[in-house]
Amino acid sequence: QVQVVESGGGLVKPGGSLRLSCAASGFIFSDYYMTWVRQAPGQGLEWVSYIGPSGSTIYYADSVKGRFTVSRDNAKKSVYLQMNSLRAEDTAVYYCARHGSEIDYWGQGTLVTVSS
Amino acid sequence: DVVLTQSPLSLPVTLGQPASISCRSSQSLLHSNGYTYLTWFHQRPGQSPRRLFYKVSNRDSGVPDRFSGSGSGTDFTLEISRVEAEDVGVYYCLQGTHWPPTFGQGTRVEIK
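This is the structure we're talking about:
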């Protein structure tokens, strides 16, 4: 069955960096776009970033552009989110999701807390 | 960016009664390819979102048939014919027609 599992979250100081990973299984990873979505505590969902099957198509939300970098390794069936210059407002659960013509399967999320 | 406005934001319902959630878009969600990329998700407390419907009304596997999705253009509706206890949580609409993808604010369904 389709599974995506995020890891790498934790507590980081403002201005710091963190790298999230998302491991996929149960589908042909190299055929799919992958998306990152975040959810601040008690808040709604915010789309963050998107990467195409080969990694050549990449988009970011304006709120993270220039600070976050998405990448993927199709051999490892994994997608990554490198987050630099983190701010308090980046505190959220970060979800990785498979993205066919539309977003379908989500992981359980990993919590990123930006605080001094 | 396209703004999706959900209403109501909070929906107390009685078990066995119907419920309806509206999602209105600031622009038509009809893509030039003829598809309408409007998706509904359900998020139970402490869980990740689960997709219910894609392209407005296509029900995902395992979604009970008491749920239905409808609409076109800028107005969309998620309906539950008879609410059950497992239906509590927050429902979100998402548009994928226009870049970037955007979510509605969410509608919290609770049992009276």
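As given, the protein sequences belong to chains A and B, one line each in that order. Using this note's numbering, you'd call the opening residue of the first sequence number 1 and step up by one each time. Using this note's numbering, you'd call the opening residue of the second sequence number 1001 and step up by one each time. Glycine included, every Cβ here is placed at the ideal spot set by N, Cα and C.
How should residue i be labelled, buried or exposed, when 16 other C-beta atoms within 10 angstroms of its C-beta is the threshold for buried?
i	result
residue 1101 (chain B)	buried
residue 72 (chain A)	buried
residue 10 (chain A)	exposed
residue 1044 (chain B)	exposed
residue 35 (chain A)	buried
residue 1017 (chain B)	exposed
Which of helix, strand or coil does DSSP assign to residue i?
i	result
residue 1001 (chain B)	coil
residue 29 (chain A)	helix
residue 1079 (chain B)	strand
residue 90 (chain A)	helix
residue 24 (chain A)	strand
residue 40 (chain A)	coil
residue 1086 (chain B)	helix
residue 1113 (chain B)	With chain B represented from 1001 up to 1112, any question about residue 1113 (chain B) goes unanswered, as that position is not in the structure.
residue 1033 (chain B)	coil
residue 1051 (chain B)	strand
residue 1009 (chain B)	coil
For residue i and residue j, I'd like the C-alpha separation in whole angstroms.
i	j	result
residue 1057 (chain B)	residue 1012 (chain B)	24 Å
residue 104 (chain A)	residue 5 (chain A)	14 Å
residue 1048 (chain B)	residue 114 (chain A)	21 Å
residue 1027 (chain B)	residue 1039 (chain B)	15 Å
residue 29 (chain A)	residue 51 (chain A)	12 Å
residue 1035 (chain B)	residue 1104 (chain B)	19 Å
residue 26 (chain A)	residue 1002 (chain B)	33 Å
residue 79 (chain A)	residue 106 (chain A)	13 Å
residue 56 (chain A)	residue 77 (chain A)	16 Å
residue 1054 (chain B)	residue 1074 (chain B)	15 Å
residue 1084 (chain B)	residue 16 (chain A)	45 Å
residue 95 (chain A)	residue 1070 (chain B)	27 Å
Excluding sequence positions up to five away, which residues of its chain have a Cβ less than 7 Å from the Cβ of residue i?
i	result
residue 1066 (chain B)	1080, 1081, 1082
residue 1020 (chain B)	1077, 1079
residue 92 (chain A)	38, 39, 40, 112
residue 1112 (chain B)	1012, 1013, 1014
Select from the options the residue whose C-alpha is nearest the C-alpha of residue i.
i	options	result
residue 88 (chain A)	A:111, A:14, A:63	A:14
residue 110 (chain A)	A:21, A:47, A:98, A:79	A:21
Which same chain residues end up closer than 6 Å to residue i when comparing Cβ atoms and leaving out the 5 residues on each side of it in sequence?
i	result
residue 1041 (chain B)	1049, 1051, 1092
residue 3 (chain A)	25, 26
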